[in-house]
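In my numbering, the protein residues as written are 470 to 648. Report on the structure given below.
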C-alpha cells in the first residue's frame, strides 16, 4: 500500500515503559484524531504487534481520562466477563493500561497532568488526568475495500447490531460514542 510510506511509523509501548511488555508499531496515519477543545485528546491508530509470529493488524486508542473515572480497559474487561465482547459488530478487547514513564530520577510513574507539572501546579489527586491506552482486534474493513454492495450492507448491519448491544455501556461509563 502506497499510503504506508507517506507517514512515519512509531514504536509504541502500551505502558510507555519498554521493559518486558508487548510493543506495537503504527502502520499508517492516525485513523482518527479528536480536535475537540473539551474532549479527551483521543487518537486512534492502526498498529501491528512487534511479536515475530503475529502478522495481524490491531487498533490502538490513546485518550486522557480523569482519575475519578473507571479506566476504559476495566470496562472492557467487565464486558468480556459478561460475554458482550466479540459479538457481531463489537470488537474484541486485547489489553489496556494507564501509560507509565520514567522520570529523570529513574522513578516510574503514571503519565498524568500532575506528573508533568511542577509541584506548585498540582491538581487535586482525585482530579488528575491520566493518559490511557487500549488495544483492540481489528474488525471490519474500510468501505473502499468492499467487493460489492451486499458486503457493504452486511457491514452496516453489524455496526447497527454492535451499537445496540453497547448502548447500556455508554450510559454508565467514560467510553465515548466514537469508541
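Glycine residues also receive a C-beta, built at the ideal position from the N, C-alpha and C atoms. Please read all numbers here as calculations on a predicted model, not as lab measurements.
Asked: Could you tell me which whole alpha helix (DSSP H) segments of length 4 or greater appear in the region 546-602?; Found: 582-585
Asked: So that I know if they touch, is there some Cβ in chain C lying closer than 8 Å to that of residue 519?; Found: Protein chains in the displayed structure number just one, and chain C is not present.
Asked: Taking the alpha-carbon of residue 568 as reference, which of 550, 592, 502 and 541 has the nearest alpha-carbon?; Found: 541
Asked: Any contact of the region 512-520 with the region 536-551, i.e. 3+ C-beta pairs under 8 Å?; Found: no
Asked: Could you have a look at residue 532 and say whether DSSP puts it in helix, strand or coil?; Found: strand
Asked: Are the CB atoms of residue 528 and residue 615 within a distance shorter than 8 Å?; Found: no
Asked: Pick from 586, 582, 600 and 516: whose alpha carbon is nearest that of residue 498?; Found: 516
Asked: Check the C-beta distance from residue 600 over to residue 505 and give it rounded, since I have them as a contact under 8 Å.; Found: So it is not a contact: roughly 16 Å between Cβ atoms.
Asked: When the Cα of residue 585 is compared with those of 570, 507, 629 and 546, which residue comes out closest?; Found: 570
Asked: Quick one: grab the DSSP three-state call for residue 628.; Found: helix
Asked: Suppose contacts are defined by Cβ-Cβ distances below 8 Å. Is residue 553 in contact with residue 526 by that definition?; Found: no
Asked: So if DSSP puts residue 518 in a beta bridge, which residue, or which two residues, is it bridged to?; Found: 493
Asked: Report all residues from its chain with a CB closer than 7 Å to the CB of residue 473; omit the five preceding and five following residues, and keep chain order.; Found: Low per-residue confidence applies at residue 473: pLDDT is 49, beneath 50, and the placement is therefore not dependable, though the value from the model is reported in the following sentence. The residues are 496 and 497.
Asked: Using a Cβ-Cβ cutoff of less than 8 Å, which residues in the same chain neighbour residue 428 once the five nearest sequence positions on both sides are dropped?; Found: Only positions 470 to 648 of the chain appear in the structure, and residue 428 is not among them; the question remains open.
Asked: Taking only three categories from DSSP, how would you classify residue 621?; Found: helix
Asked: Should residue 551 be labelled buried (16 or more other beta-carbon atoms within 10 Å of its own) or exposed?; Found: exposed
Asked: Going by Cα to Cα distance, which pick from 564, 580, 512 and 556 is closest to residue 501?; Found: 512
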